[in-house]
Amino acid sequence: MKILSIDGGGYLGLATASFIEETERHFGKKFHTQFDMFCGTSTGAIIALALASGMDGRQIREMYEDFGPKVFPSYFPGHRYLRMAKGLFCSMYPNAALRESLGKAFGEQTLGDIQASGKRVLVTAFCLTNGYPRIFKTNHGDGLTKQRMIPLRDIAMASAAAPSYLPIVEITDPETGVTEQFCDGGVFANHPGMLGFTEATFHCSAVPGNVKVLSLSTPRACLAEHRSAKLFMGTSLNRSALAWALQWNLPSIFIDGTTAITDQALRRLIATTPSAVYDRIVFDRPAGTDMDIATSKATATLRHLGHNEASTAEMRARITKFLN
Numbered sequence: 098m099k100i101l102s103i104d105g106g107g108y109l110g111l112a113t114a115s116f117i118e119e120t121e122r123h124f125g126k127k128f129h130t131q132f133d134m135f136c137g138t139s140t141g142a143i144i145a146l147a148l149a150s151g152m153d154g155r156q157i158r159e160m161y162e163d164f165g166p167k168v169f170p171s172y173f174p175g176h177r178y179l180r181m182a183k184g185l186f187c188s189m190y191p192n193a194a195l196r197e198s199l200g201k202a203f204g205e206q207t208l209g210d211i212q213a214s215g216k217r218v219l220v221t222a223f224c225l226t227n228g229y230p231r232i233f234k235t236n237h238g239d240g241l242t243k244q245r246m247i248p249l250r251d252i253a254m255a256s257a258a259a260p261s262y263l264p265i266v267e268i269t270d271p272e273t274g275v276t277e278q279f280c281d282g283g284v285f286a287n288h289p290g291m292l293g294f295t296e297a298t299f300h301c302s303a304v305p306g307n308v309k310v311l312s313l314s315t316p317r318a319c320l321a322e323h324r325s326a327k328l329f330m331g332t333s334l335n336r337s338a339l340a341w342a343l344q345w346n347l348p349s350i351f352i353d354g355t356t357a358i359t360d361q362a363l364r365r366l367i368a369t370t371p372s373a374v375y376d377r378i379v380f381d382r383p384a385g386t387d388m389d390i391a392t393s394k395a396t397a398t399l400r401h402l403g404h405n406e407a408s409t410a411e412m413r414a415r416i417t418k419f420l421n
């Protein structure tokens, strides 16, 4: 069984979509046909669900370029900082534009439709109603009988509801009538690859040695603190909550920390499983880009990054082992 796992990261997912587009173009093969299970968190959930439903990299890249400036508008220099100030009191951005775009992309498709096509999906979100992580997935194993009627657009919205950036999302199960509230799955599993591996071996009865996991990151910034190169404030050991949140980007520390642990744990697990394969493609985040920057310059930079990463001989050799 071949598993594709895609990290969260807001508009940075454009680079991942561009990477997929160029890989598909070069090899002449679509990810939809090459992978059996698609796992995603946040923006990765949008891409995973899109691939599982039959979209290709070009269509996904175009979707991001269309909804990005609508979801994360920048009307004038400094507008983003006003949004950040707004985020102290409510969500920085409304989610109507994202909901409209995902509605156009997925229509009325449900998890049941994905399963009927022979594909499997696994998408993370955090259920605020019961205080536990929620894994939205196709009913691909014994005992899995829920969620088949939930629309893909609602699942994508829930997984991408990043705290302080976008509003909490409510989902009403069409079969049970129960309404629950959700936020971004990145709060507990920004890298869903380990979940995909265990899902494949436990619920899908895949032989561990026959599992291949390809993990795609979104561009991430280096969080290392080189204290000798910092000004006085950057070397302070007595930091306020506001300083942690803004200057040291506390959410990124949480997200990147759990991502790194998941990556290393999965590498060790795969190393003890003869013939199993795991590879993780990591992109460095260029200056001037972030999860909520969708300017024309950021768009061009992210698209170029994904295309270039997919164009090297070394990268193509790594990808080959996941393609038939």
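Reminder that position 90 of the sequence shown reads as 187 in our numbering, one-by-one numbering, no gaps. We put the beta carbon where it would ideally sit given N, CA and C, even for glycine. Keep in mind it's a predicted model, so treat the numbers as computed, not measured.
Once the 5 residues before and after residue i are set aside, which same chain residues still bring their CB inside 7 angstroms of it?
i, result
"F164", "A194, L195, S198"
"M181", "M189"
"G385", "K394, A395, T398"
"R364", "Y375"
"F124", "L420"
"D353", "R317, L320"
"G228", "none"
Would the beta-carbon of residue i fall within 8 angstroms of that of residue j?
i, j, result
"A407", "T140", "no"
"R400", "R177", "no"
"R382", "A318", "yes"
"L208", "T235", "yes"
"C136", "G293", "yes"
"S312", "R377", "yes"
"I211", "A303", "no"
"G154", "F128", "yes"
"R217", "M291", "no"
"I232", "I247", "no"
"G306", "A373", "yes"
Compute the Euclidean distance between the alpha carbons of residue i and residue j, then round it to the nearest angstrom.
i, j, result
"T138", "G151", "18 angstroms"
"F419", "R122", "15 angstroms"
"S256", "K201", "18 angstroms"
"E205", "G184", "32 angstroms"
"L402", "K167", "22 angstroms"
"S349", "N421", "36 angstroms"
"E296", "L179", "42 angstroms"
"F132", "N335", "48 angstroms"
"T355", "T113", "20 angstroms"
"R415", "V308", "16 angstroms"
"C280", "A258", "5 angstroms"
"H288", "Y172", "32 angstroms"
"E272", "S337", "47 angstroms"
"T130", "A362", "28 angstroms"
"A100", "T359", "As written in the sequence, residue 100 is Ile, which differs from the Ala given in the question. One C-alpha to the other measures close to 15 angstroms."
"M160", "A340", "35 angstroms"
"T409", "F116", "11 angstroms"
"A357", "L347", "15 angstroms"
"C187", "I103", "28 angstroms"
"F351", "P260", "13 angstroms"
"T417", "P170", "38 angstroms"
"P174", "S333", "30 angstroms"
"G215", "K243", "17 angstroms"
"K126", "G107", "26 angstroms"
For residue i and residue j, which I take to be in contact (beta-carbon distance under 8 angstroms), what is that distance rounded to the nearest angstrom?
i, j, result
"A142", "A213", "Wrong, their Cβ atoms sit about 20 angstroms apart, outside the cutoff."
"F223", "T315", "The Cβ separation is near 19 angstroms, so there is no contact."
"V220", "A145", "7 angstroms"
"E162", "L111", "7 angstroms"
Only counting the same chain, and skipping five residues up and downstream in sequence, which positions put a Cβ closer than 8 angstroms to that of residue i?
i, result
"N192", "V168, M254, A258, L263, P264, V266"
"P230", "T221, A222, F223, C224, G282, F285, A286"
"M412", "I378, E406"
Could you name the residues of the same chain whose beta carbon sits closer than 6 angstroms to that of residue i, not counting the 5 residues immediately before and after it, in chain order?
i, result
"H404", "S115, E119"
"T276", "E267, T269"
"A147", "I157"
"F203", "L249, R250"
"Q278", "L225, T226, I265, E267"
**the region 385-399 touching the region 358-376, judged by at least three CB pairs closer than 8 angstroms** = no
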